[in-house]
Amino acid sequence: MKHIFRKTIRVLLFSQILLSPVYAQNLMGFSAESSKKEIDLEASFDKQLQAKNLQEWMKRMTAFPHQLGSAYGLNNALFLRDKLTSWGFEAHLDTVHVLFPTPKIRIVELTEPTKFKASLTERSVKEDATSGQTKDVLPPYHAFSADGDVTAELVYVNYGIPADYDELAKLGIDVKGKIVIAKYGNSWRGIKPKVAYEHGAIGCIIYSDPKEDGYFQGEVYPKGPFKNDAGAQRGSVVDLPQAPGDPLTNGFVASAENKRLSVKDAPSMMKIPVLPISYGDALPLLKALGGQVAPASWRGALPITYHIGPGPAKVHLKLEFNFDIVPAYNVIATIKGTEFPDQWVVRGNHHDAWVFGASDPVSGAVAELEEARVLGELIKTGWKPKRTIVYCWWDGEEPGLLGSTEWVEKYQKIVSEKTVVYLNTDGNGRGFLGVGGSHTLEKFINQVGQSVTDPEKGGSVIERLRSKMIVDGPASSKAETRSRSDVRIGALGSGSDFTPFIQHLGISSLNLGFGGEDEGGDYHSIYDSYDNYVRFKDSDFSYGVALAKMMGRSVLRFADAEVLPFDFSNFSNTVQTYATEIKRDLEAVRTKAEDQNKLISENRFEITADPKEPFVKPIPMEVAPYLNFAPLENALSKLEKSATAYASASGKVSTLPADKLKQLNDILYKSERYLINEQGLPRRPWYKHQIYAPGFYTGYGVKTLPMIREAIEQRNWSEADQGIVRVSDALKAFTAEIDKATALLK
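Using the numbering used here, read the sequence shown as starting at 408 and increasing by one per residue.
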């Protein structure tokens, strides 16, 4: 669904020492003796990985369109199931039925001051064997758009995010009753029609400007990887920040007792028609706009002067959809654990695509499949995991995480009780490791990454990432990145199948992928194909193998660790930084209001305004009060002490009897559940995690300590106060679990 953040000799030699067979450091969760056995097992795992399998399977899985509900989607699901069965897994299709809108009518036409009808098609190119297919290909559209037939003046709204509407208000421009046109970028696509509707717009068009996604970046497809003038980005615009999954069954599974909502009553459906178009189709629309010239930061790379409007451009937008219930085929494959069969290590990647989906998601799906094949080979040698391993390939991820969310909701009680960790991938490319996840897993994934060799540079993937962060990261963090033992990982918002696990159930999760050297404009287009991938992405599939090594190690270590490899010190440090950011944000909000109000009282805006341009006098801003952060500060102080105490005591694990060891592991993997609040976040109760959530106006992008942070952004001071208390209570409950774990070790 989404893009993932795709040396010196001294650093290189240091990394090679870390990869030495005599690597002495014990693995997290393993004794010295079991560490050696685990490292030997992983060496055997590595030797059997074959890049040619990934290439062969990608070509097979991307031969035809395989969107949710399609014949080839089922074909791929059966292919995966049968492969897994042949390798010794207990594999089956777990089918759920979900809403999946597909387009019947798509019309965008300029009616004034000139006539133009958008083609809304992507052309085939001879260099791309599948681009000429038409059967079963979904055209560019937005799933979960509203039906609509509207004609109105056009307004250009930049990226269509809240800050852009603030700028429009300063310019005296209102979009009420208008159709807006927005650029892709700076937020998830579903935010753009959502914010447009909130401001009274009756339709929304989204295009990819060549400045961000086209010829401004480099040669266009097929000569280069960037978006050509016919390319368009499909995607879902379901209100993901409210809830993922089937919009007709948010929070439950359809059954005789739980009836589906109607389409018109589904709260996460978009309320206005919205459609993606190419920059070739956007050019005549934007060229016809008059009104004020757009601010410099709003201007793209099309050969026009960017105007805002409204008018004289008038646009007719007509959309009509089939709102069908279709099957989603989740592929579930299991190896039962020998010692702890009721503790599950769950690994997932989706298999559905908007069209051919080589990069998104098949590049990740075939890496996962190769992991599973090699696990089957290890079983033949007599190895069996201590914990149950569950490999999943989700369907319906692209329209809104439908397959994974419905599966989690369907089996919520058992998944919550048994899942130790969820390990996710999506698309994969070439370049640098990207990691997001629960910060209780930060130390673990750093140790895993130190043992995986970067295919291009020869050192560890973690040290290459560290170098990238030192070279390109913000100046404020470079010194810490050099000196900190662990590279910081990102927090998870949404946009892929980890969402229901971490955000709804509080299951510790990781999301991994390589990227940064595989840029291009194929995302969610007909050009996300096998031919494109092998030309411009991970041509030899070496990074697919590197991904399989990262995730294979993660699965093996969690499956066989004597003590589950959670760490609380990095989590404590990270949440401290979030609290510091929030206090700084509050002070910035206060200062901004005070400064603006002073300028208004001194009449500075009116004095400096150009008398030949429209002027709207700013209104005074409410000055932020001083909030009571003491409960949060006290909770964080206690968390830090408890995390340190656990780290100190954890060296005594080898002396624990079996019953206490099991009790310890139960506490460790269920600890993140205590960061859940069953009331959920304000106005979106499906999201229950109090530390991480997708932003209400970012979609994929994470908001940390979301209830507090977003209340401050929205100037809801009473809710910010409530959020401080709620987050503090969650941290206190979480800390109490750490203390229980420490007590077992004394």
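Using N, Cα and C, we set each Cβ at its ideal position, and we do this for glycine too.
In angstroms with no decimal places, state the Cα-to-Cα distance between residue i and residue j.
i	j	result
E863	G920	16 Å
K1024	H758	53 Å
Y1094	D731	26 Å
A882	R889	12 Å
A377	T502	Residue coverage of the chain in this structure runs from 408 to 1153, which leaves residue 377 outside it and unanswerable.
G897	G843	4 Å
L954	R960	10 Å
R1011	Q1003	10 Å
K634	T509	24 Å
N1211	G476	Limits of the chain in this structure are 408 at one end and 1153 at the other, which puts residue 1211 out of reach.
K585	G607	8 Å
L808	Y566	24 Å
G1154	W595	This structure gives no information on residue 1154, because the portion of the chain shown stretches from 408 to 1153.
F523	K678	26 Å
M1028	L963	55 Å
S704	S915	39 Å
Y1104	E805	19 Å
L1112	A1137	11 Å
V733	Q474	11 Å
G697	K820	57 Å
T528	E605	30 Å
Q1097	N1084	7 Å
R991	Q649	27 Å
Determine the burial state of residue i: buried for a count of at least 16 other Cβ atoms within 10 Å of its Cβ, exposed for fewer.
i	result
Q1086	exposed
A735	buried
Y1033	exposed
K599	buried
S526	exposed
I1119	buried
R1090	exposed
I813	For the record, residue 813 in the displayed sequence is Glu; it is not Ile. Flag for E813 reads buried.
V1134	buried
K1019	exposed
D967	buried
A1150	exposed
K583	exposed
R780	buried
I989	buried
I512	exposed
I1026	exposed
In the structure shown, what three-state DSSP assignment does residue i receive?
i	result
F471	coil
I1115	helix
W494	coil
Y1033	coil
L386	In the structure displayed, the chain extends from 408 to 1153; residue 386 sits before or after that span and is not available.
L1088	strand
P654	coil
V894	coil
V762	coil
I877	helix
H911	helix
F1103	coil
E560	strand
L724	strand
W800	strand
K850	helix
V753	strand
G810	helix
P768	helix
What is the C-beta distance between residue i and residue j, in whole angstroms, given that I count them as a contact (C-beta under 8 Å)?
i	j	result
G744	K787	In fact, because the Cβ distance is near 18 Å, the residues do not count as touching under 8 Å.
P1163	L506	Coverage of the chain is limited to positions 408 through 1153, which leaves residue 1163 absent and any answer about it impossible.
G597	G922	22 Å between Cβ atoms; not a contact.
Y950	M465	Contact flag wrong, Cβ pair sits at about 13 Å.
L361	F1036	Past the boundaries of the shown model lies residue 361; the chain is included only from 408 to 1153, so the question cannot be answered.
L561	K666	With 8 Å as the limit, L561 and K666 do not qualify as a contact, their Cβ atoms being about 40 Å apart.
F496	I742	6 Å
### Query
Counting Cβ pairs closer than 8 Å, one from the segment 783–802 and one from the segment 475–486, do we hit at least three?
yes
### Message
So, does the segment 991–1005 touch the segment 939–946, judging by three or more C-beta pairs under 8 Å?
### Response
no
### Three CB pairs or more closer than 8 Å across the segment 847–855 and the segment 927–934
no
### Query
Taking contact to mean at least 3 C-beta pairs separated by less than 8 Å, is the segment 668–688 in contact with the segment 607–616?
yes
### Task
Indicate whether the contact test is met: 3 or more Cβ pairs, each with one atom in the segment 626–641 and one in the segment 528–543, closer than 8 Å.
Segments in contact, yes.
### Query
When the Cβ atoms of the segment 705–715 are set against those of the segment 637–647, are three or more pairs found closer than 8 Å?
In short, these stretches do not touch, since the Cβ pair count stays below three.
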